[in-house]
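Residue numbers are given in the numbering used here: position 93 of the sequence shown equals residue 154, and the series is strictly consecutive.
Just so it is clear, CB atoms sit at the ideal spot from N, CA and C, and this is done for glycine as well.
Single-structure report; data block below.
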Amino acid sequence: MTALEAFLFADLLGTATWLWLSFFAVVFALLAFDLGVLHRDNHAIGVRESLLLSAGYITMGLLFAVWVYFKKGGDASMDYLTAFLIEKSLSMDNVFVMALIFSFLAIPRQYQHRVLFWGILGAIVLRAIMIGLGAALISRFDWILYMFGAFLVLTGLKMLFSRVDDEPDLANNRFIRWLRNHLQITDRLHGQSFFVRQPDANGRHVLWLTPLFLALILIECADLVFAVDSVPAIFAITQDPFIVYTSNIFAILGLRALYFALAAMIHRFAYL
Numbered sequence: 062m063t064a065l066e067a068f069l070f071a072d073l074l075g076t077a078t079w080l081w082l083s084f085f086a087v088v089f090a091l092l093a094f095d096l097g098v099l100h101r102d103n104h105a106i107g108v109r110e111s112l113l114l115s116a117g118y119i120t121m122g123l124l125f126a127v128w129v130y131f132k133k134g135g136d137a138s139m140d141y142l143t144a145f146l147i148e149k150s151l152s153m154d155n156v157f158v159m160a161l162i163f164s165f166l167a168i169p170r171q172y173q174h175r176v177l178f179w180g181i182l183g184a185i186v187l188r189a190i191m192i193g194l195g196a197a198l199i200s201r202f203d204w205i206l207y208m209f210g211a212f213l214v215l216t217g218l219k220m221l222f223s224r225v226d227d228e229p230d231l232a233n234n235r236f237i238r239w240l241r242n243h244l245q246i247t248d249r250l251h252g253q254s255f256f257v258r259q260p261d262a263n264g265r266h267v268l269w270l271t272p273l274f275l276a277l278i279l280i281e282c283a284d285l286v287f288a289v290d291s292v293p294a295i296f297a298i299t300q301d302p303f304i305v306y307t308s309n310i311f312a313i314l315g316l317r318a319l320y321f322a323l324a325a326m327i328h329r330f331a332y333l
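Right under this line is the structure:
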């Protein structure tokens with residue numbers, strides 16, 4: 062066996078390395094096609110385009126389940142589909158939070174895709190860290206699964222008893238105030254730029270963050286908060302990190318595409 066073969070077939074968190082590499086190749090190919098072909102120019106994404114994009118990502122997620130079936134077996138494929146659906150359902154609130162963030166910061170629709178694209182890359186990294194830590198804890202402490210099960214119960218109760226009219230008060234949010242007080246953030250947008258150079262209080266030209274980058278920070282933080290609910294819930298179903306992670310990422314891809322349908326409907330109907 063050559064060194065390359067040894068690397069590709071080496072065990073990585075219970076799954077051959079080449080399976081992980083294949084997954085990342087598919088995801089990054091989808092993202093490259095999304096940004097490089099479908100959205101080369103900044104434009105407001107309409108309902109039809111959003112639904113087609115979301116359907117495409119969902120189809121890829123389901124096709125991946127078929128691939129898992131042939132590579133890891135029927136049980137793994139069923140676990141993947143279950144985890145995929147749970148992540149979809151638990152992350153729907155995330156779509157509305159994104160709409161609130163964009164509305165609060167007055168981010169034009171034509172720039173929102175850019176924020177969510179880089180947000181997906183951040184989510185890929187953050188979810189990998191969370192799921193890797195979760196897998197490490199489970200392998201060392203079996204009782205942690207009971208805690209994950211409790212998370213699932215608490216999440217269900219929260220969804221059952223939460224009020225429909227409960228909305229985050231972003232204007233008085235302490236975290237946003239802290240960011241504005243400790244980071245140099247411009248008061249207005251500068252096109253699609255996340256950063257811009259302009260004078261500070263001493264007249265020196267320094268790097269400032271734009272509201273576009275602030276939106277990216279808030280969306281990443283919101284995704285992290287929702288992941289605290291969804292990741293333990295999926296670990297309560299399967300302890301295979303490959304299944305947990307891949308189902309998470311494919312579900313996120315489809316949901317963020319679906320966001321633009323919501324944004325377009327809000328734009329059309331003032332009282333929605």
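Taking C-alpha positions only, Leu323 is separated from Val286 by approximately 21 Å. The Cβ-Cβ distance between Ala71 and Arg170 does not fall below 8 Å. Runs of the alpha helix (DSSP H) lying entirely within the stretch 95–182 and spanning at least 4 residues, in chain order: 108–133, 135–151 and 153–165. Looking from the CA of Ile162, the closest CA among Leu273, His243, Pro260 and Ser308 belongs to Leu273. Between Gln253 and Phe131, the alpha-carbon positions lie close to 43 Å from each other. For Phe256, there is no enclosing alpha helix (DSSP H); the enclosing beta strand (DSSP E) covers residues Phe256 to Pro260. 8 Å or more divides the Cβ of Leu187 from the Cβ of Ser291. In the structure shown, Asp72 falls within a strand segment according to DSSP collapsed to helix, strand and coil. Two segments are said to touch when three or more pairs of C-beta atoms, one from each, lie closer than 8 Å; by this definition the stretch 189–207 does not touch the stretch 241–249. Cβ-Cβ distances below 6 Å link Leu314 to Tyr118 in the same chain, with the five nearest sequence neighbours on each side left out; the list follows chain order.
Per DSSP, His243 is one residue of the alpha helix (DSSP H) stretching across Arg235 to His243.
Looking at the backbone, the Cα of Ser200 and that of Ser138 are separated by about 22 Å. The three-state secondary structure of Ala232, taken from DSSP, is helix. Contact annotation, Phe178 with Thr307: C-beta distance approximately 20 Å; criterion of less than 8 Å not satisfied. For Leu268, the uninterrupted beta strand (DSSP E) segment begins and ends at His266 to Leu270.
Under the three-state reduction of DSSP output, Ala297 falls in the coil class, being neither helix nor strand.
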